[in-house]
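**Student:** Supplied in C-alpha cells, the structure appears directly below.
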Amino acid sequence: MLVDAQKAIEVNFHEHIAPIIHKNCTPCHQPNKSGPFNLLTYEDVSKRAKFIGKVTESRYMPPFPADRQFQAYLNERGLTVGEITKIKLWIEGGLKEGVLKSTDISQQSIESDLIKPDLVLKMNKPYPISGENLEDFRFFSLPSNTPRDEYITAIGFTAGNKKVVHHSRLMVDTTNTIRGIDGLSETDPKVYEFQKTALKEEFLYGWVPGNDKISFPKGTGIKLNANADFLLNMHYAPSPVPDTDQSEIQLYFAKEKIEREVRNFTLRDNDISNKPFLIKAGQKATFFISKKIDKPMSLISVLPHMHLIGKTFRAFVITPDGEVINLVKIDNWDFNWQMTYQFKKLLKVSAGSTFIVEGTYDNTAENPENPYNPPRDIGYGWGTKDEMFNLVLYYLDYKEGDENVEQK
Ligand code: HEC
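For what it's worth, the numbering used here labels the leading residue of the sequence shown as 1240, then goes sequentially.
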C-alpha cells in the first residue's frame, strides 16, 4: 500500500501522462479530427480523467480492434499495461499537474498536413440529415474529371460533420453509368440495378472515425483511369435534430514515375467454400474462404469487412511449405471500427499459397447488434442489414527482396 501511494504521488501530468496522451489520443482528439472532444492540455485531460481511466483500462480507447499479438502493423495503436497503470496512479494520486517544460508544448502533436492533396472532391452540396433519429445510408457520385490517367499514392477522407458521419466507403466506376447519383438511398430499388455494374474498385478505401490516410510504399500507386467516377457510400448515424454533412476525399497523385502498380484483390462471398452465404434466422454460422494463388505477391495491407451480425474474423495464409503467415484476427467484431491494417513490412506470399479466411456470425435474438427483431434470414447484400464477408487486400506483384521492405 505504502509503495503504491508513494508511486501515485510521483506521477504528474506533464512528466508522465502528457506523453502517453499526446502519442495515443491526441491524433484523433484534436480540432478537425474524429474524436468528440480535445485531449491536448492539462485542463482537457484532467476534467475527464475518470472517464479516461475507464476507457483505457477497458481498452476501448485508443480503438484498435485487431489482435496485435497475431501480427504487427504500421498503424497499430494501444497502451502498454505500464501506461494504463500510470494513468490509474495519476488519477488515484489526485491529478497532479507537475511542471510544464518549454519542450512539451501540446501543440506539437497537432498534425500538420504539409503535403497538399492533388485532387479534393467534396460532395456536391450539403446533404440534409433528418432529425428523426434514423440510420441513413446514401450513395453519392463524385466525377473525378481527370483529363489523363493518374496514379493514386495516398487517399484521405474528412468527415464534413463528425457528429453524424458514421463511416464511408469509396468505390471507383469507369463505366460512367452510375453518374449523377446524389444522395440515393440504400433502400431505393435502383441500388440493386447499380449493384450489377462491374466496378473497377469496390473498396478503394474505407473510412471509419479515426481511420488514417493510407499511403502506399514509395514508387507504387493505384491507377485511376482518366475521367473515372468515384462512388461514395455514406452511413449517417441517427440524429435527434436536423443536420447536414458535406464530406470530402483527398487524393494524392504520383509526381514521379510509378514503377509498380498497387493492386487490389478482394476475397468475397463468391469464394466461400461452404456456400450458400445465408445466415438463418435464430442461428449462428461460420463461413470459410479458401483461395489458392498462383503468382507470388507482396501484401501491403488488409481490410476485413462484415456488417452488423459479424462476430469474429480471422485470416491467414498457408504457404506450399506449410508455413503459416498471420494476417489479421479480430475477436470482437465491431461494425463501427473497421480499418485498413497496414503491415510493418511488406508480407511475401509465395506462389501456390492458400488464403484462409474464417468469419462467424450471430443471427440470434440474443445478439444486441441484430438489426431485426425477431431475427430474419440474412444473406449477401450491400445494405447494412444484409451481410458481407470480405477481405480486401492491397498488394504488389512480388519482387526479390520485398520481404525486407519496411513500409514508412
Ligand atoms: C482513432 C481515433 C481515436 C483515438 C486514437 C482515440 N480516440 Fe477516443 N474517441 C474517438 C472517437 C471517434 C470517439 C467517439 C465515438 C465513441 O465513443 O466510440 C471517442 C470517444 C472517446 C471517449 C468517450 C467514450 C464514450 O463512451 O463516450 C473517451 C473518454 C476517449 N475517447 C478517450 C480517449 C483516450 C484516453 C485515448 C487515448 C488513450 C483515445 N480516446 C484515443 C477516437 C479516438
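For each residue, glycine too, the CB sits at the ideal point set by N, CA and C.
Can you name, in chain order, every residue of its own chain whose Cβ lies under 6 Å from the Cβ of LYS1523, other than the five neighbours on each side?
**Tutor:** Within the sequence shown, the letter at position 284 stands for residue 1523. So the list reads ASP1601, once near-sequence residues are dropped.
**Student:** On the criterion of 16 or more Cβ atoms from any shown chain inside 10 Å, does GLN1269 qualify as buried, or is it exposed?
**Tutor:** Translated into positions along the sequence shown, residue 1269 becomes position 30. With 16 or more Cβ atoms within 10 Å of its Cβ, GLN1269 is classed as buried.
**Student:** Quick one: Cα of ASN1384 to Cα of SER1407, how far?
**Tutor:** Within the sequence shown, the letter at position 145 stands for residue 1384. Within the sequence shown, the letter at position 168 stands for residue 1407. One C-alpha to the other measures close to 21 Å.
**Student:** Can you tell me the Cβ-Cβ gap for GLY1422 and PHE1469, rounded? I've got them flagged as a contact below 8 Å.
**Tutor:** Within the sequence shown, the letter at position 183 stands for residue 1422. Within the sequence shown, the letter at position 230 stands for residue 1469. The Cβ separation is near 15 Å, so there is no contact.
**Student:** Can you give me the start and stop residues for the beta strand (DSSP E) that VAL1588 sits inside?
**Tutor:** Against the sequence shown, residue 1588 aligns to sequence position 349. First-last of the beta strand (DSSP E) with VAL1588: 1580-1588.
**Student:** Tell me which residues share the same chain as ASP1451 and place their Cβ nearer than 6 Å to its Cβ, disregarding the 5 neighbours each side in the sequence.
**Tutor:** Taking the first residue of the sequence shown as position 1, residue 1451 is located at position 212. Only ASN1314 meet the Cβ criterion.
**Student:** Ignore the nearest five residues each way along the sequence and tell me which others in GLY1317's own chain have a CB closer than 7 Å to its CB.
**Tutor:** Your numbering for residue 1317 matches position 78 in the sequence shown. Excluding residues within five positions, the ones whose Cβ falls inside 7 Å are PRO1301, PHE1303, ARG1307.
**Student:** Since TRP1572 and PHE1555 are thought to touch, with beta carbons under 8 Å apart, how far apart are those beta carbons, to the nearest angstrom?
**Tutor:** As a first step, residue 1572 is located in the sequence shown; it is residue number 333 there, counting from the start. As a first step, residue 1555 is located in the sequence shown; it is residue number 316 there, counting from the start. Wrong, their Cβ atoms sit about 17 Å apart, outside the cutoff.
**Student:** Is there at least one non-hydrogen atom of the ligand COA closer than 8 Å to the beta-carbon of PHE1290?
**Tutor:** What this structure holds is the ligand HEC, not the ligand COA.
**Student:** Please classify LEU1507 as buried or exposed, where buried requires at least 16 other C-beta atoms within 10 Å of its C-beta.
**Tutor:** Stepping through the sequence shown from its first residue, residue 1507 is reached at position 268. What sits at residue 1507 in the sequence shown is Arg, not Leu. Under this definition ARG1507 is a buried residue.
**Student:** Spatial neighbours of ILE1260 within its chain, please: CB distance less than 7 Å, with the 5 preceding and 5 following residues excluded, ordered by chain position.
**Tutor:** Start at 1 with the first residue of the sequence shown, and residue 1260 comes out as number 21. Closer than 7 Å at Cβ, skipping near neighbours: LEU1278, VAL1284.
**Student:** For the beta strand (DSSP E) holding TRP1446, just list the boundary residues, first then last.
**Tutor:** The residue you call residue 1446 lines up with position 207 of the sequence shown. Element bounds for TRP1446: 1440-1446.
**Student:** Is the beta carbon of GLY1274 closer than 9 Å to that of ILE1326?
**Tutor:** Within the sequence shown, residue 1326 is the residue found at index 87, counting from 1. Within the sequence shown, residue 1274 is the residue found at index 35, counting from 1. Going by C-beta atoms, ILE1326 is not nearer than 9 Å to GLY1274.
**Student:** Use the C-beta contact count for SER1345: other C-beta atoms within 10 angstroms, 16 or more gives buried, fewer gives exposed.
**Tutor:** The sequence position of residue 1345 within the sequence shown is 106, counting from 1. Any reading at SER1345 is ruled out, since the residue's pLDDT is 47, under 50, leaving its predicted position unreliable.
**Student:** Three-state secondary structure (DSSP) at THR1295?
**Tutor:** Here residue 1295 refers to the residue found at position 56 of the sequence shown. In the structure shown, THR1295 sits in a helix (DSSP, three-state: H, G or I).
**Student:** Taking only runs that begin and end inside the stretch 1363-1414, name each unbroken beta strand (DSSP E) of 3 or more residues, in chain order.
**Tutor:** Correct list: 1366-1368, 1375-1382, 1389-1397, 1404-1412.
**Student:** Between which two residues does the beta strand (DSSP E) containing THR1459 stretch?
**Tutor:** Counted from its first residue, the sequence shown places residue 1459 at position 220. Unbroken beta strand (DSSP E) run through THR1459: 1459-1463.
**Student:** For the ligand HEC, is there any heavy atom lying closer than 8 Å to the beta carbon of PRO1206?
**Tutor:** In the structure displayed, the chain extends from 1240 to 1647; residue 1206 sits before or after that span and is not available.
**Student:** Can you tell me the Cβ-Cβ gap for LEU1542 and ILE1564, rounded? I've got them flagged as a contact below 8 Å.
**Tutor:** As a working mapping, residue 1542 is identified with position 303 in the sequence shown. As a working mapping, residue 1564 is identified with position 325 in the sequence shown. So it is not a contact: roughly 17 Å between Cβ atoms.
**Student:** Hey, VAL1631 and THR1505 are a contact pair by Cβ (cut 8 Å); roughly how many whole angstroms apart?
**Tutor:** Here residue 1631 refers to the residue found at position 392 of the sequence shown. Here residue 1505 refers to the residue found at position 266 of the sequence shown. With 8 Å as the limit, VAL1631 and THR1505 qualify as a contact, their Cβ atoms being about 5 Å apart.
**Student:** For GLU1562 and ILE1595, what's the separation of their Cα atoms in angstroms?
**Tutor:** Here residue 1562 is taken as the residue at index 323 of the sequence shown, counted from 1. Here residue 1595 is taken as the residue at index 356 of the sequence shown, counted from 1. Approximately 13 Å, taken between the alpha carbons.
**Student:** Under a Cβ-count criterion, where at least 16 other Cβ atoms within 10 Å of its own Cβ denotes burial, should ILE1354 be classed as buried or exposed?
**Tutor:** Numbered from its first residue, the sequence shown carries residue 1354 at position 115. The residue in question, ILE1354, is exposed, as its Cβ has fewer than 16 Cβ neighbours within 10 Å.
**Student:** At a cut-off of 8 Å, would you count ARG1316 as near the ligand HEC, judging by its Cβ distance to the nearest heavy atom?
**Tutor:** Looking up residue 1316 in the sequence shown gives position 77. Flag set: Cβ of ARG1316 near the ligand HEC.
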